[in-house]
Amino acid sequence: MVFSSLTFLAFFMPAVLLVYYAAPVKARNGILTAASLFFYAWGEPKYVLLMLFSTVFDYFNGLGIRYRQNQGRRGTEFLLLSIAGNLFLLGFFKYAGFFGETVHTLFGRNPGLPQLPLPIGISFYTFQTMSYTIDVYRKEIEAQKDLLCFAAYVTMFPQLIAGPIVRYRSVAQELSENTLGPRRSLWSADAQAGMTRFLAGLGKKVLLANPAGALWTEISGLQAPSVAVLWIGAVCFTFQIYFDFSGYSDMAIGLGKLLGFTFPENFHYPYTCTSITDFWRRWHMTLGSWFREYVYIPLGGNQRGLGLQLRNIMIVWMLTGLWHGAAWNFVLWGLYYGLILAAEKLFLLKLLDRLPAWFCRLYTLPVIITGWVIFASTEGSGVLTERLGTLFGAAGAPLADGSELFYLSSFGLLFGIMLLGCTPFPKGAAERILQKCPKKLQEPLKNLWLVVLLLLCLSFLASDSYNPFLYFRF
Amino acid sequence: MNKIRHITAPLIVCCLAAAGAGFFLTPDRLFSENENRVLKTGVSLSLQEILQGELDHEVESYLTDQMPLRDSMVQLSSDVRRLLGQKKIGDVYLAKEGYLISAVTREDLSMQQQEKNIAAFNDFFQSCGLAPSRITVLPVPDAGLILSERLPAGAPMYDGDGVMRTLSEKLRGCALVDVRPALSALSQSETPVFYRTDHHWTTAAAREVYSACRGRFPAPFEDSLSSGELPALKTVSDRFHGSLYSKVLCSGIPYDTVQVPDPAGDPEELTVRYAGSGLSERVQNSCLVTDCLKQKDQYAVFFGGNFSHISIETGIQNGRKLLVIKDSFANCFVPFLTRHYEEIHMLDLRYFTGNPRTFLQERGITDILVLYELSNLITDPGPEMLSDG
Chain A
16 MVFSSLTFLA
26 FFMPAVLLVY
36 YAAPVKARNG
46 ILTAASLFFY
56 AWGEPKYVLL
66 MLFSTVFDYF
76 NGLGIRYRQN
86 QGRRGTEFLL
96 LSIAGNLFLL
106 GFFKYAGFFG
116 ETVHTLFGRN
126 PGLPQLPLPI
136 GISFYTFQTM
146 SYTIDVYRKE
156 IEAQKDLLCF
166 AAYVTMFPQL
176 IAGPIVRYRS
186 VAQELSENTL
196 GPRRSLWSAD
206 AQAGMTRFLA
216 GLGKKVLLAN
226 PAGALWTEIS
236 GLQAPSVAVL
246 WIGAVCFTFQ
256 IYFDFSGYSD
266 MAIGLGKLLG
276 FTFPENFHYP
286 YTCTSITDFW
296 RRWHMTLGSW
306 FREYVYIPLG
316 GNQRGLGLQL
326 RNIMIVWMLT
336 GLWHGAAWNF
346 VLWGLYYGLI
356 LAAEKLFLLK
366 LLDRLPAWFC
376 RLYTLPVIIT
386 GWVIFASTEG
396 SGVLTERLGT
406 LFGAAGAPLA
416 DGSELFYLSS
426 FGLLFGIMLL
436 GCTPFPKGAA
446 ERILQKCPKK
456 LQEPLKNLWL
466 VVLLLLCLSF
476 LASDSYNPFL
486 YFRF
Chain B
13 MNKIRHITAP
23 LIVCCLAAAG
33 AGFFLTPDRL
43 FSENENRVLK
53 TGVSLSLQEI
63 LQGELDHEVE
73 SYLTDQMPLR
83 DSMVQLSSDV
93 RRLLGQKKIG
103 DVYLAKEGYL
113 ISAVTREDLS
123 MQQQEKNIAA
133 FNDFFQSCGL
143 APSRITVLPV
153 PDAGLILSER
163 LPAGAPMYDG
173 DGVMRTLSEK
183 LRGCALVDVR
193 PALSALSQSE
203 TPVFYRTDHH
213 WTTAAAREVY
223 SACRGRFPAP
233 FEDSLSSGEL
243 PALKTVSDRF
253 HGSLYSKVLC
263 SGIPYDTVQV
273 PDPAGDPEEL
283 TVRYAGSGLS
293 ERVQNSCLVT
303 DCLKQKDQYA
313 VFFGGNFSHI
323 SIETGIQNGR
333 KLLVIKDSFA
343 NCFVPFLTRH
353 YEEIHMLDLR
363 YFTGNPRTFL
373 QERGITDILV
383 LYELSNLITD
393 PGPEMLSDG
């Protein structure tokens, strides 16, 4: 199930929160794990076993590393086992089909690799468990002896499906203390903060991401879009992916807070960046820091000269692209950013530093939007080249054909709201307005707004499923 | 410790739990009049299907179909969208002067289906042994083509002119009637040509087209009308919210008026029979089914809707028998033809399971009328059955 579904909102979430808060403190990790397994199994009845296997596998690997280290050895065999095992799982379920297709295209021979349906969340939980065993190996954390505690970490439903990627060390203490700590209350400030964050994310997803996505679907399905219309469409996708992903992260962080955990932030107003280097410090920050910590720095980072640094950047970015999806357009997307980042490191950043912020954005935003068009074009290289060609006026499409007027007048206000939503402005403005209200009214006003927001989300969820037929359908 | 109690989290949990409870407390709805479909009322899956991961989707479908206050929730979201200035909800334009107009674009058409249909019609016309003057093809342009000035600025609509051109070039053995001039002229007057809330043309528009091509139909047996006089219309409803309203569900949309040809002008011995798969023989004495005015889809007052085969015997004895190949647009037009033909047979090819060619022979058909909404004429797969084999 997904967070923005009626199953989750009307049933799973209230039920789990009520049970979790009412239950004895000792039972909390158990309840969390059980609820998380139920959550996962609900959507993936068979692959839940895979996740359980991954959990138990790395639980034992962690213990094995520590055992070996206590004996004075390095424990490398268990580390390699963990990494190999996780990469094998990921490779087999996510990339086998892609690899087979590529071999087929290049060499004409089909290696007959299976193309399995992708287990949801596998890219996240394998990375999380690997970060655990690597950190144990590096002696940055203690191996977790309590299997239930460890299982709670891996399976935790808030971040299981779409992140943020939570390193074990950042929640280790909260996990251990979860079964000791004080009784929590739904009336606490933490619960309030968590719920507010959750609803903000839900709003981003249902009220902003979904409409933007519907518009992109419509525009990308046009037979002969003009240049202007395709740019409008690209902007729609740019909005969709941000509000979808950051909305989901908000919901995850909010739910984590409701359950007593502090997850790392994953987005920080990425579209306000002033360089692409800046963009990647604001977008999917937990993935960036995972790759930096476990791939870039071990490869030498920027400590071994410019040449190697550029090589490391390209490797990390190719892998980043590949992580997002098992298709060549994702690899291309990764390389696209790798090259731009390399150029920035070499000379662009010095130039951008001297320019005003708004001018830098005239550079970053088209780069980002173009990147998203590459990312979105999963239909094949023909579609991608045609789209890029149209965007840059090289595919014979007219500059404008009149329908832009329709899209802009029809969705202009919504685009304005989305644009504001990419900046810290609305939050700041709302807080300033609230400060001007009498103190007694401040909380009730906030709560009223949240209830209205929830109502709007439910209404949009209803209309998303509304499906009229002209002729009677059995 | 912080002793201040913040109500936010418990408040939201209560709202969500109340929504959940609402599912159990409200009885399951079986049918959605607005969506014209049966709603999901239960989830029954085999263990095999559960293991394949069907549970999530099935339960969510059930819950969204049975959401308490569903239609009101959809209305709220449509109102918010309209408030934000959106000019299109679903595939319906919120056009000027309170009109809802169906958005039919180039992407909704299929070159392939268009070719197939034209070929099938040509095939059929060739094999039926009737003179081209007895075969009329009357496509009714979509509302967005006639009411184009009322569309939102720049709103895409398919190229109706191009389609009519293709039809006139490629259809053989028939007379293609272009009703665009007549309807465009009418749209400049006070008379509505299309309903504001439904995709169909109004009875007044059908009457106008009937009057414009009255010369094509055989001389009426008893014409109480002097030439040039239009048949009278009677208003039967002023609270019609049609198909497009259902797609949009905004609040504050005014009602349409439904008119029918005055039954006083009908031939006295009119008999209408319904036949077709699963229908027991139903007989009535009028083209109108006034019970349908009590349901939401009041356009169904014409013949009660679409059926595979409706036959009309008029008692006029002039030996002329008309076959109407149609979609729902013909329903408000055919009643004007009852004074011209001895028999009229309306076939809806989406439901008809017989063989149109043998039907033609068996019934001694002397005239053919093909009447569809223009976009439907070239996208509906029904006409394919007209080609041989």
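Chains A and B are the protein sequences, given in the same order.
Residues are numbered in our numbering as their position in the first sequence, beginning at 1, plus a constant of 15.
Residues are numbered in our numbering as their position in the second sequence, beginning at 1, plus a constant of 12.
For glycine and all other residues, C-beta sits at the position ideal for the given N, C-alpha and C.
Only counting the same chain, and skipping five residues up and downstream in sequence, which positions put a Cβ closer than 7 Å to that of residue i?
| i | result |
| --- | --- |
| methionine 79(B) | Met85 |
| valine 55(B) | Glu70, Val71 and Tyr74 |
| arginine 212(A) | Asp265, Ile268, Gly269 and Lys272 |
| alanine 215(A) | Asp265 |
Determine, using beta carbons only, whether residue i comes closer than 8 Å to chain B.
| i | result |
| --- | --- |
| phenylalanine 421(A) | yes |
| tyrosine 74(A) | no |
| leucine 214(A) | yes |
| tyrosine 481(A) | yes |
| tryptophan 202(A) | yes |
| asparagine 85(A) | no |
| leucine 33(A) | yes |
| proline 179(A) | no |
| alanine 206(A) | yes |
| leucine 236(A) | Checking the displayed sequence, the identity of residue 236(A) turns out to be glycine instead of leucine. So, interface residue. |
| phenylalanine 484(A) | yes |
Which term fits residue i, buried or exposed, when burial requires 16 or more other beta carbons within 10 angstroms of its beta carbon?
| i | result |
| --- | --- |
| serine 201(B) | exposed |
| phenylalanine 489(A) | A caution first: phenylalanine 489(A) carries a pLDDT of 39, below 50, which makes its placement in the model too unreliable to give a value. |
| methionine 13(B) | Here the model assigns methionine 13(B) a pLDDT of 49, short of 50, so the residue's position is not dependable, and the following value carries that caveat. When all chains shown are included, methionine 13(B) counts as exposed. |
| asparagine 85(A) | exposed |
| phenylalanine 36(B) | exposed |
| lysine 448(A) | The residue asked about is misnamed: residue 448(A) is isoleucine in this sequence, not lysine. Under this definition isoleucine 448(A) is an exposed residue. |
| valine 221(B) | buried |
| arginine 89(A) | exposed |
| lysine 442(A) | exposed |
| leucine 95(B) | exposed |
| cysteine 16(B) | With the sequence shown as reference, residue 16(B) is identified as isoleucine, and cysteine is not the correct amino acid for it. Exposed, since its Cβ has fewer than 16 Cβ neighbours within 10 Å. |
| cysteine 288(A) | buried |
| methionine 123(B) | exposed |
| leucine 389(B) | buried |
| serine 90(B) | buried |
| alanine 25(A) | buried |
So, at 6 Å on beta carbons, what are the nonlocal neighbours of residue i in its own chain, with the 5 sequence-adjacent residues on each side left out?
| i | result |
| --- | --- |
| threonine 302(B) | none |
| leucine 406(A) | Leu245 |
| arginine 362(B) | Gly394 |
| lysine 128(B) | Glu396 |
| leucine 230(A) | Cys251 |
| arginine 177(B) | none |
| alanine 167(B) | Tyr105 |
I'd like to know if residue i contacts chain A, where contact means its C-beta is closer than 8 Å to some C-beta of that chain.
| i | result |
| --- | --- |
| cysteine 262(B) | no |
| phenylalanine 206(B) | no |
| threonine 20(B) | yes |
| valine 86(B) | yes |
| glycine 32(B) | yes |
| lysine 99(B) | yes |
| isoleucine 113(B) | no |
Short of 8 Å in beta carbon distance, which residues of its chain neighbour residue i, apart from the five on each side in sequence? Order them along the chain.
| i | result |
| --- | --- |
| leucine 51(B) | Asp40, Arg41, Leu42, Phe43, Ser44, Asp77 and Gln78 |
| glutamate 293(B) | Arg285, Tyr286 and Ala287 |
What ranges does the alpha helix (DSSP H) occupy inside the region 46-80 of chain B, keeping only unbroken runs of at least 4 residues that lie completely in it?
Restricting attention to alpha helix (DSSP H) runs no shorter than 4 residues, the region 46-80 of chain B encloses them at 59-63 and 66-77, ordered along the chain.
Compile a chain-ordered list of the residues in the region 421-453 of chain A whose CB is closer than 7 Å to at least one CB of chain B.
Phe421, Ser424, Ser425, Phe426, Gly427, Leu428 and Leu429
Can you list, in chain order, the residues of the region 57-84 of chain B whose Cβ is nearer than 7 Å to any Cβ on chain A?
Ile62, Leu63, Gly65, Leu67, Asp68, Val71, Glu72, Leu75, Thr76, Met79 and Arg82
Proximal residues, the region 45-76 of chain A versus chain B, C-beta separation under 7 Å:
Trp57, Gly58, Glu59, Pro60 and Lys61
Residues of the region 261-286 of chain A in Cβ contact with chain B at a cutoff of 8 Å, in chain order, please.
Leu273
Write down every uninterrupted run of the beta strand (DSSP E) in the region 282-334 of chain B whose length is 3 residues or greater and which is fully enclosed by it, in chain order.
283-288, 291-296 and 321-325
Could you list the residues in the region 296-324 of chain B with a C-beta less than 9 Å from some C-beta on chain A, going in chain order?
So the close ones are Gly317 and Asn318.
Proximal residues, the region 222-234 of chain A versus chain B, C-beta separation under 9 Å:
Leu222, Pro226 and Glu233
Complete beta strand (DSSP E) runs within the region 133-194 of chain B (minimum length 3 residues, chain order):
147-152
Run through the region 156-224 of chain A for me and flag every whole alpha helix (DSSP H) of 4 or more residues, listed as ranges in chain order.
162-170, 172-175, 183-193 and 204-218
To test your reading of the DSSP string, which unbroken alpha helix (DSSP H) runs of 4 or more residues are found completely within the region 297-351 of chain A?
300-306 and 321-339
Please identify, using Cβ separations under 7 Å, the residues of the region 19-30 of chain A that lie next to chain B, in order along the chain.
Ser20, Leu21, Thr22, Leu24, Ala25, Phe26, Met28 and Pro29
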